[in-house]
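In terms of the working numbering, the sequence shown is residues 7 to 274. Every residue gets a Cβ at the ideal spot worked out from N, C-alpha and C, and that includes glycine.
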Amino acid sequence: CDELARRGLVVARVEYRTRGRDGVLPGEDIADAVDAMRWVRRHAGRIGIDPTRVLAAGGSSGAYLAASLFAFEERFPDAASPAVSARPDGIILNSPLVDWLEVGSMTDAFLFVLNGDKELGARISPARHWRRDCPPTLVLLGSEEPQVAGVRAFAHKWKEAGAPVSLCEAAGGEHGFFWKPDWIERTLAHTDGFLQANGFLAARPTGAAAQRTPAAAAPTDSQASTAGRLAAMLARFPEADANKDGVLTMDEAATFRAKKQPARKAAK
7 CDELARRGLV
17 VARVEYRTRG
27 RDGVLPGEDI
37 ADAVDAMRWV
47 RRHAGRIGID
57 PTRVLAAGGS
67 SGAYLAASLF
77 AFEERFPDAA
87 SPAVSARPDG
97 IILNSPLVDW
107 LEVGSMTDAF
117 LFVLNGDKEL
127 GARISPARHW
137 RRDCPPTLVL
147 LGSEEPQVAG
157 VRAFAHKWKE
167 AGAPVSLCEA
177 AGGEHGFFWK
187 PDWIERTLAH
197 TDGFLQANGF
207 LAARPTGAAA
217 QRTPAAAAPT
227 DSQASTAGRL
237 AAMLARFPEA
247 DANKDGVLTM
257 DEAATFRAKK
267 QPARKAAK
């Protein structure tokens, strides 16, 4: 998010309900993403954006919700503002879940979350409701992720069907690879290329123009440091991973620290 903001995009971080924290059932969190997308479009003038150029991006469970905004757009009519669409104009999926029934070695665990209900799994799987008229979609996937076969099949199927879906597979990458220092720069490079190719970002300046670019726009060192701190925190405090997806986000870290602070004061 920080790097995209430095590149000139207006970025909104969305908080959504989770089963572990809020007790919502699988699929119910999609409504939160829908509400967020509609809020952004309703307030486009206030926040200074073009409501016809709104991206949805996420990692892991956030990627699932980003994909769901397109896959299930017809399930969420808005009586108050029927003209406000939740359909994104571009989608970026990092380590996504696209099919609850095709998660490789984790399929049984995901079915357990669904109480064994395969019909529900099919109903809330974006891959099973995708269409060729999707917006430009970038899929970033690690070759060692448990869901790799299902996501790979999804991306290849729709690319061959003529849909604007592109897949970037990170050799040796595990789930959440895009947060890890070895992959941050490459992930950002692919993301930047996708955004430029689809008109969301201007090309990076080169030559003399690059020298005039403010230093604040330069990427990655701080992000690598942040990723390292998050990884260290996750190793020390695994309970901080509220989503239980093996990746600690900055929002999860902040929430965990806030909960720990009162306990420290009480101990004193």
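Rounded to the nearest whole angstrom, the C-alpha separation of C174 and C140 is 18 Å. The three-state secondary structure of A159, taken from DSSP, is helix. DSSP, reduced to helix, strand and coil, places A176 within a strand of the structure shown. A residue is called buried once 16 or more other Cβ atoms fall within 10 Å of its Cβ, and H162, having fewer, is exposed. The shortest CA-to-CA distance from Y22 to any of T113, N204, D41, A133 is the one to D41. Two segments are said to touch when three or more pairs of C-beta atoms, one from each, lie closer than 8 Å; by this definition the segment 195 to 211 touches the segment 91 to 100. DSSP places A209 outside both helix and strand once states are collapsed to three, so it counts as coil.
Annotation: the continuous alpha helix (DSSP H) that includes V40 extends over 36 to 48.
Nearest to G68 by C-alpha distance, out of A167, K186, A37, K124, is A37. For T197, the enclosing alpha helix (DSSP H) has its first and last residue at 187 to 203. Taking 8 Å as the upper bound for CB-CB distance, A128 and R134 are in contact here, some 5 Å apart.
In this structure, S149 keeps its C-beta atom at 7 Å or more from the C-beta atom of A195.
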